[in-house]
Amino acid sequence: MRIVLVGPPGAGKGTQAQYLAKNLSIPHISTGDLFRSNISQGTALGRKAQEYTSSGRLVPDEVTIAMAKDRLEEADAAEGFLLDGFPRNLGQAEALDAYLRDKEVTLDGVLDLEVPEDEVVKRIAGRRLCRKDGAHVYHVSYNPPKTEGVCDVCGGELYQRDDDTEDKVRVRLEVYHSETEPIIDYYKAQDLVVTISALGTVDEVTRRAMEALGAAESV
Ligand SMILES: [Zn+2]
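In full-length UniProt numbering, the protein residues as written are 1 to 219.
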């Protein structure tokens, strides 16, 4: 299956992408991983991306598109993939379509994770990370530490990322509305979009997603 996952920040895309990719036996290709691996391997694209990010500028679409295409050329993506974070705007969606047309394949679906705006703000603004180990993640309401401000696992101090404040989340949502949402209409015109609610437990959302993709029986 060839799938694109879309949804606002805070929808749990990364988590769902991992489970769905595993259930469907396809690689999970996230923009974050593309950047990290290109930069850590010092590829030409990685160096170019770094020039932009280190000066606080947005990486141009052509660099992101080239990284995505390189990744899609790898053997494990030949029979399917789940894209997470790409395409993030209309230009990228059109480039992906052109690439797939060239390969004479098509997307099977675009899974749209829907979350009410206030829930997005609550989810992100309540997030707390451990200073010692960023993998230790908490939420003030949904997953609070035993002692406020202290990591249960390693005793590290918990903090809120600069990007996770309510004001910043609202800005990220605006960017999502203006840049990414248009790709949903673009894919709707191709009859590819399935929208599901991203509320509930991780398992519930995964099950809903698998059903929506008509792939529940292959689990
Ligand atoms: Zn910790």
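Idealized CB from N, CA, C, for every residue including glycine.
Tell me the residue span of the beta strand (DSSP E) that contains residue i.
i: residue 221; result: Nothing about residue 221 can be read from this structure; the chain reaches only from 1 to 219.
i: F35; result: Careful: F35 lies outside any beta strand (DSSP E), inside the alpha helix (DSSP H) at T31 to S40.
i: S55; result: Here S55 belongs to no beta strand (DSSP E), and DSSP marks it neither H nor E.
Count the other C-beta atoms from every protein chain shown that fall within 10 angstroms of the C-beta of residue i, then say buried if there are 16 or more, exposed otherwise.
i: H28; result: buried
i: T15; result: exposed
i: S218; result: With a pLDDT of 48 at S218, under the threshold of 50, the predicted position of this residue should be treated as unreliable, though the coordinate-derived value follows. S218 comes out exposed.
i: D185; result: exposed
i: A216; result: Residue confidence for A216 is low, a pLDDT of 47 falling below 50, so the modelled location carries little weight and cannot support an answer.
i: A78; result: exposed
i: residue 234; result: This structure gives no information on residue 234, because the portion of the chain shown stretches from 1 to 219.
i: V171; result: exposed
i: Q190; result: exposed
i: A44; result: exposed
i: V153; result: exposed
Among the options, which residue has its Cα nearest to the Cα of residue i?
i: R2; options: L173, G214 and D108; result: D108
i: E114; options: G214, A17 and I196; result: I196
i: D84; options: T53, R127, F35 and G126; result: F35
Measure how close the beta-carbons of residue i and residue j come, nearest whole angstrom, since I'm counting them as under 8 Å.
i: V202; j: G12; result: 7 Å
| query | Between the segment 38–46 and the segment 140–157, do at least 3 Cβ pairs fall closer than 8 Å? | reply | no
| message | If contact is defined by three or more beta carbon pairs under 8 Å, each pair taking one atom from either stretch, is the segment 162–171 in contact with the segment 66–76? | response | no
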